[in-house]
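Participant: Chains A and B, in that order, give the protein sequences. Numbering that gives the first Met the number 0 puts the first residue of the first sequence at 0, with every later residue one more than the last. Numbering that gives the first Met the number 0 puts the first residue of the second sequence at 0, with every later residue one more than the last. Built from N, CA and C at the ideal position, the CB exists for glycine as well.
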Amino acid sequence: MNMMSSARKKLVVVGNGMAGMRTVEEILQRAPGMFDITVFGAEPQPNYDRIMLSPLLAGDKSFEQIVINSLAWYQANNIKLITGEAVQDINRYSRTVTGEHGSVSRYDILLLATGSNPFVLPLPGVTRPGVMTFRSVADVEQMLSIAAPGKNAVIIGGGLLGLEAAHGLNLRGMSVSVVHLMPTLMERQLDASAAHLLERKLGARGMNIYISANTESFDGAGDNGHVQSVTLKDGQCLKADLVVMAVGIRPNATLAKACGLATDRGVLVDDTMRTSDPDIFAIGECIEHNKQCYGLVAPIWDMAKVAADHICGVAQPVFSPVAAGTRLKVSGIEMFSAGAFMGDKSTEDIVLRDAARGVYKRLVLREDRLVGVVCFGDTRDAGWYFELLKNGDSLGTLRDTMIFGPATATGDPDTALAALADSAEICGCNGIKKATICNAIAEHGLTTIEDVRTRTKASASCGSCTGLVEGLLKLSLGADYAPEAAKPMCKCTLHGHDEVRRRIKNAALKTIPAIMQAMQWLTPNGCASCRPALNFYLLVAWPGEYVDDAQSRLVNERMHANIQKDGTYSVVPRMWGGTTSAQELRAIADVVDKFSIPAVKVTGGQRIDMLGVKKEDLRAVWQDLNAAGLVSGHAYGKALRTVKTCVGSEWCRFGVQDSTALGVALEKATWGSWHPHKVKLAVSGCPRNCAEATIKDFGVVATDAGWDLHVGGNGGIKVRATELLCKVMTEQDVMEYACAFLQLYRMEARYLERTAPWIERVGLKYVQERIVDNAEIRTALFADFLYAQKFAQTDPWAEEASDKTLGRKFNAIAELV
Amino acid sequence: MDGMRVVENFDDIGALEDIPRLGARTVTTTLGDVAVFRTADDTLYALRDQCPHKAGPLSQGIVHGDSVTCPLHGWVISLQTGHAMGLDKGCTPRFTVKVENGRILLASGVIA
């Protein structure tokens, strides 16, 4: 080297943030006095901890507390600090850097640490006062100048930063709404289950969370007035005195690009943190290394070490990113994720859900090694998991118990239960202690969960401690304990249908993920067997409140048509009581011609079936049928299918009552209702029973004296004739009994159980006790049915035809031809 | 310096949000429909839209975990491998699909 001792090399750092200054610290450690150091910072402050902006906003920290390098530190280390001056130009030939106010510095080594810029959505009104990003102390100051109790803040983006901003402004007394594009919050850090818990927790703090929500515009007075509201694409309007955009960051590579360095998304660097110019290094959020950009601090600290080694020439390490963990800095919400927590084709999951404590843990394993972790609600063991993940050691026997944390990693759950103190609370809802349960088992000779529930109330409410109570029975009775064999719904759960329905009501579970979390489902999102069942149970339990989940519907109910063996569909319009008109028939004929529908057939339920309709024609077919007044016949659903009638006293010489009119009235009252299985009704006008009412789920047969009501019949593989429920006098009675019967079936039969096997299981007497003998129960069931129908009686065809997604599900996403 | 690499052509077929989570959409191609599935954790898979059993449209099935249940007769097909699961035997061709910057890219070549 040809360097005089007095002429030290000049190091210029562009960017006075965490990455740049950490590198300078590393350099000073390795080779104090080796460089004359000049630092340019665009912001007026010395280097502060950007991660701590959230606590600064929330009022948990002051600015002084988040400063990392004070002005005194720069002086002590002979660093020339130029703040408030952004660099304008880098000249690689003269090796000079020029600031916007004219400062010029020559360099031998240049370090770019220009960080990133918050992404700004290019939406109407984005330049209005009050619309800002969240990146700097200046942003926080601006937010605090607007924030005040009672004012409204809208946060665009439900990621890590957005939720921290939301939390801070919430603590400042603002009414906070979070608008998030994706269906779950923090999708880059959390899987769907943990995100669901987070959403619930934030909701409980009074935040309004809008997921799958797209922002349309920021509105206010005139073109440049302060923002007053945010309009979403679906038309909703949210009041806003302050809008914070936290929708991601983009590496700031502008300077690098301008001086001709290789850039892509960020400044391209090799494994030594060198850019395409060997005298220029880059580090932090502005870089791109192996197609990867970085926003978390841990890998950036690693970069600083690598860059410092090479800049000082003391070692030749290479940067290889290791897994980083994330924690949400929102007090009272414990959450941690690290590594490949989403899993992929080569991984398997160990999942623990402790519903009572709101705890969810998911460990992702690949070939006996831990590769990903999500913890929500309890992060005490997060550090231990993170170590296991970083070490990448083979797990061996640890695997069986590691989900319970390091403390129990050697024991088994039964031992842990046995070790619990007698005073330990088992049932949180009813405050039942371990000793109380064990004593009751011994004293009264209890042998089943039901016994324990009746005697002590333990696990009788929300039921989330059922597993623990079972464990205590097992400990007390030893080999004598034979758990009741309730058949699980499917392989995704240990619970039977009845237990699931009980928990939905008692623990107010209102979504499929909520059920899966509370009842400790064994699979991440169920299967084609349990999901449709859960969707139905929720629909019945929470009418008007539960939002139907299309992805948990079997194909026919999702497409509102019957899939045929060649993948086409059949379409059956409703014909009330089997009646139709010339106008309807003409419309059907026109549709058949227009769409070249290959087959038309009359069904057993007195309807007309158009077979072979192509998926992409379905919407247009419905539009034409709707125009003629025809609506969906639900011939595809676990739903009220048809009310079959004979012509009755109006035309038939034997008819004794107007069966057609009653059939039409019944169908008008019951159409649109969802059931455990398909449901068919029929009304015959005399005992000759031409409508075949005695092989229907609910059959009505006229007599001279009134009406006979029959239940529990069906055709099909195992033909079953109905049993007589009772005899009634008036049409109003028929209506009330029919609706009450259907509601009882909806509420108590298991999914895919038709009325016949249901009645065989519970007994006709059980049904009669509720529908016939007890008027109070009957009228209550009738009222429940009518209430549910208020939300059920919308024509799905008309809904699809006017759907905003323009019938996405019926069309190909793309054509590659 | 690397060995020979097969160059794959990718077509942009739409945005990730165009497919609902736990759902699927089809792509019309000269070789028949391809079903593109999106799992709960946003992994995408692409299979020929035909069940190996009786050619049922897998795109219309219920997606759960990394599998889809065929809407016609309930065969469960692994989205990762295209193979029927359990005791059923059969396989449907897979296609390479990936997401970049929120766009779905489908490879034109069959890989299995």
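Using a beta-carbon distance below 9 Å, is residue 438 of chain A in contact with chain B?
Facilitator: Counting from one through the first sequence, the residue named residue 438 of chain A turns up at place 439. Cβ-Cβ to chain B under 9 Å: no for residue 438 of chain A.
Participant: Expressed to the nearest angstrom, what Euclidean distance is found between the alpha-carbon atoms of residue 530 of chain A and residue 69 of chain B?
Facilitator: Locating residue 530 of chain A in the first sequence gives position 531, counting from the first residue. Locating residue 69 of chain B in the second sequence gives position 70, counting from the first residue. Roughly 15 Å between the two C-alpha positions.
Participant: Apart from the five residues just before and just after residue 719 of chain A, which ones in its own chain have a Cβ nearer than 6 Å to its Cβ?
Facilitator: Residue 719 of chain A sits at position 720 when you count from the first residue of the first sequence. 712, 713, 755, listed in sequence order.
Participant: Buried or exposed: where does residue 592 of chain A fall if 16 or more other Cβ atoms within 10 Å of its Cβ makes it buried?
Facilitator: Taking the first residue of the first sequence as position 1, residue 592 of chain A is located at position 593. With fewer than 16 Cβ atoms within 10 Å of its Cβ, residue 592 of chain A is classed as exposed.
Participant: Does the beta carbon of residue 677 of chain A come closer than 9 Å to any beta carbon on chain B?
Facilitator: Position 678 of the first sequence, counted from the start, is the residue given in the question as residue 677 of chain A. Answer no: the Cβ-Cβ gap between residue 677 of chain A and chain B never drops below 9 Å.
Participant: Grab me the residues of residue 251 of chain A's own chain with a C-beta within less than 7 Å of its C-beta, minus the 5 sequence neighbours each way, in chain order.
Facilitator: By 1-based counting over the first sequence, the position of residue 251 of chain A is 252. These residues qualify, in order along the chain: 113, 114, 115, 116, 285.
Participant: Between residue 186 of chain A and chain B, is there a C-beta pair that is closer than 9 Å?
Facilitator: As a first step, residue 186 of chain A must be located in the first sequence, where it is residue number 187. Yes, residue 186 of chain A counts as interfacial toward chain B.
Participant: Which of the three DSSP states, helix, strand or coil, is assigned to residue 635 of chain A?
Facilitator: As a first step, residue 635 of chain A must be located in the first sequence, where it is residue number 636. In this structure, residue 635 of chain A counts as coil in the three-state DSSP scheme.
Participant: Compute every distance between the C-beta of residue 47 of chain A and the non-hydrogen atoms of the ligand GTP, then say whether any falls below 8 Å.
Facilitator: In the structure on display, the ligand GTP does not appear, and there are no ligands present to speak of.
Participant: So residue 679 of chain A is in the alpha helix (DSSP H); what residue range does that whole segment cover?
Facilitator: Taking the first sequence and counting its residues from 1, the one referred to as residue 679 of chain A is at position 680. Note, residue 679 of chain A: premise wrong, no alpha helix (DSSP H); beta strand (DSSP E) at 678-683.
Participant: At 9 Å on the CB atoms, spell out the chain A contacts of residue 24 of chain B, in chain order.
Facilitator: In the second sequence, counting from the first residue as 1, residue 24 of chain B sits at position 25. Those are 807, 808, 810, 811, 812, 813, listed as they occur along chain A.
Participant: Who are the near neighbours of residue 522 of chain A in its chain, counting only those whose CB is closer than 6 Å to its CB and skipping five residues on each side?
Facilitator: In the first sequence, counting from the first residue as 1, residue 522 of chain A sits at position 523. Closer than 6 Å at the Cβ level, and outside the excluded window around residue 522 of chain A, lie 491.
Participant: Evaluate residue 291 of chain A with the Cβ neighbour count: other Cβ atoms within 10 Å of its Cβ, from every protein chain shown; 16 or more gives buried, anything less gives exposed.
Facilitator: Your numbering for residue 291 of chain A matches position 292 in the first sequence. With fewer than 16 Cβ atoms within 10 Å of its Cβ, residue 291 of chain A is classed as exposed.
Participant: Tell me residue 364 of chain A's beta-bridge partners as DSSP assigns them.
Facilitator: Along the first sequence, one-based indexing puts residue 364 of chain A at 365. According to DSSP, which records beta bridges pairwise, residue 364 of chain A is partnered with A:347, A:369.
Participant: Any Cβ of chain B within less than 9 Å of the Cβ of residue 822 of chain A?
Facilitator: Absent from the model: residue 822 of chain A. The displayed extent of chain A is 0 to 816, so no value can be given.
Participant: Beta-carbon within less than 7 Å of residue 81 of chain B's beta-carbon, same chain only, minus the 5 sequence neighbours each way: which residues are those?
Facilitator: Taking the first residue of the second sequence as 1, we reach residue 81 of chain B at position 82. Contacts found: 46, 90, 91, 92, 93, 111.
Participant: So which residues on chain B does residue 656 of chain A lean against when the C-beta distance must stay under 8 Å?
Facilitator: The count along the first sequence starts at 1 and reaches residue 656 of chain A at position 657. Those do not exist, as residue 656 of chain A stays about 42 Å from chain B at its closest Cβ, beyond 8 Å.
Participant: Distance cutoff 9 Å, beta carbons only. Does residue 46 of chain B sit that close to anything in chain A?
Facilitator: Residue 46 of chain B sits at position 47 when you count from the first residue of the second sequence. No, residue 46 of chain B lies away from the interface with chain A (no Cβ there is under 9 Å from its Cβ).
Participant: I want to know whether the segment 573-580 of chain A touches the segment 603-612 of chain A - three or more CB-CB distances under 8 Å.
Facilitator: Output reads yes: the segment 603-612 of chain A touches the segment 573-580 of chain A.
Participant: What is the DSSP secondary structure of residue 647 of chain A, reduced to helix, strand or coil?
Facilitator: Position 648 of the first sequence, counted from the first residue, corresponds to residue 647 of chain A. Reduced to three states, the DSSP call for residue 647 of chain A is helix.
Participant: DSSP three-state call for residue 50 of chain B: helix, strand or coil?
Facilitator: Here residue 50 of chain B corresponds to residue number 51 of the second sequence, with the count starting at 1. In this structure, residue 50 of chain B counts as coil in the three-state DSSP scheme.
Participant: Would you call residue 556 of chain A buried or exposed, if buried means 16 or more other Cβ atoms sit within 10 Å of its Cβ?
Facilitator: Numbered from its first residue, the first sequence carries residue 556 of chain A at position 557. Burial call: buried.
Participant: So if DSSP puts residue 491 of chain A in a beta bridge, which residue, or which two residues, is it bridged to?
Facilitator: By one-based count along the first sequence, residue 491 of chain A stands at place 492. Beta-bridge pairing links residue 491 of chain A to no other residue.
Participant: Along the chain, which unbroken stretches of the beta strand (DSSP E) at least 3 residues long are found entirely within the segment 12-59 of chain B?
Facilitator: Qualifying beta strand (DSSP E) stretches, in chain order: 22-28, 31-37, 43-47.
Participant: Which partner residues of residue 273 of chain A appear in the DSSP bridge assignment?
Facilitator: Position 274 of the first sequence, counting from 1, holds the residue named residue 273 of chain A. Per DSSP, A:280.
Participant: When DSSP labels each residue in this structure, what does residue 180 of chain A get in the three-state scheme?
Facilitator: Along the first sequence, read from residue 1 onward, the residue named residue 180 of chain A stands at position 181. It is coil, neither helix nor strand.
Participant: To the nearest angstrom, report how far apart residue 473 of chain A and residue 801 of chain A are at their CA atoms.
Facilitator: Reading the first sequence from its first residue, position 474 is the one you call residue 473 of chain A. Reading the first sequence from its first residue, position 802 is the one you call residue 801 of chain A. For residue 473 of chain A and residue 801 of chain A, the distance between alpha carbons rounds to 57 Å.
Participant: CB residue 343 of chain A to CB residue 25 of chain B, shorter than 9 Å?
Facilitator: Numbered from 1 along the first sequence, position 344 holds the residue referred to as residue 343 of chain A. Numbered from 1 along the second sequence, position 26 holds the residue referred to as residue 25 of chain B. Contact flag unset, no.
Participant: If we count the other Cβ atoms within 10 Å of its Cβ and call it buried at 16 or more, is residue 334 of chain A buried or exposed?
Facilitator: The residue given as residue 334 of chain A occupies position 335 in the first sequence. The residue is buried, with at least 16 neighbouring Cβ atoms inside 10 Å.
Participant: Relative to the C-alpha of residue 816 of chain A, which candidate in B:16, B:30, B:22, B:11 has its C-alpha closest?
Facilitator: In the first sequence, the residue the question calls residue 816 of chain A occupies position 817. Residue 816 of chain A has its Cα closest to that of B:30, out of B:16, B:30, B:22, B:11.
Participant: Check the Cβ of residue 550 of chain A against every Cβ in chain B and list those closer than 8 Å, keeping chain order.
Facilitator: Taking the first sequence and counting its residues from 1, the one referred to as residue 550 of chain A is at position 551. 19, 20, 21, 22, 61, 62, listed in chain order.
Participant: In angstroms with no decimal places, state the Cα-to-Cα distance between residue 410 of chain A and residue 400 of chain A.
Facilitator: Your numbering for residue 410 of chain A matches position 411 in the first sequence. Your numbering for residue 400 of chain A matches position 401 in the first sequence. Because residue 410 of chain A sits at a pLDDT of 48, beneath the cut-off of 50, its placement in the model cannot be relied upon, and the point is left open.
Participant: Measure the alpha-carbon distance for residue 655 of chain A versus residue 582 of chain A and round it to whole angstroms.
Facilitator: The residue labelled residue 655 of chain A in the question sits at position 656 within the first sequence. The residue labelled residue 582 of chain A in the question sits at position 583 within the first sequence. Roughly 30 Å between the two C-alpha positions.
Participant: Anything in chain A within Cβ reach of residue 51 of chain B, meaning under 9 Å, just list it in chain order.
Facilitator: Position 52 of the second sequence, counting from 1, holds the residue named residue 51 of chain B. The premise fails here: residue 51 of chain B is roughly 14 Å from chain A at the closest Cβ pair, so nothing lies under 9 Å.
Participant: Quick one, are the C-beta atoms of residue 38 of chain A and residue 80 of chain A less than 9 Å apart?
Facilitator: Mapped onto the first sequence, residue 38 of chain A falls at position 39. Mapped onto the first sequence, residue 80 of chain A falls at position 81. Yes, Cβ-Cβ distance for residue 38 of chain A and residue 80 of chain A is below 9 Å.
Participant: Checking 9 Å against the spacing of the C-beta atoms, do residue 69 of chain A and residue 189 of chain A come in under that value?
Facilitator: The residue given as residue 69 of chain A occupies position 70 in the first sequence. The residue given as residue 189 of chain A occupies position 190 in the first sequence. Cβ atoms of residue 69 of chain A and residue 189 of chain A: not closer than 9 Å.
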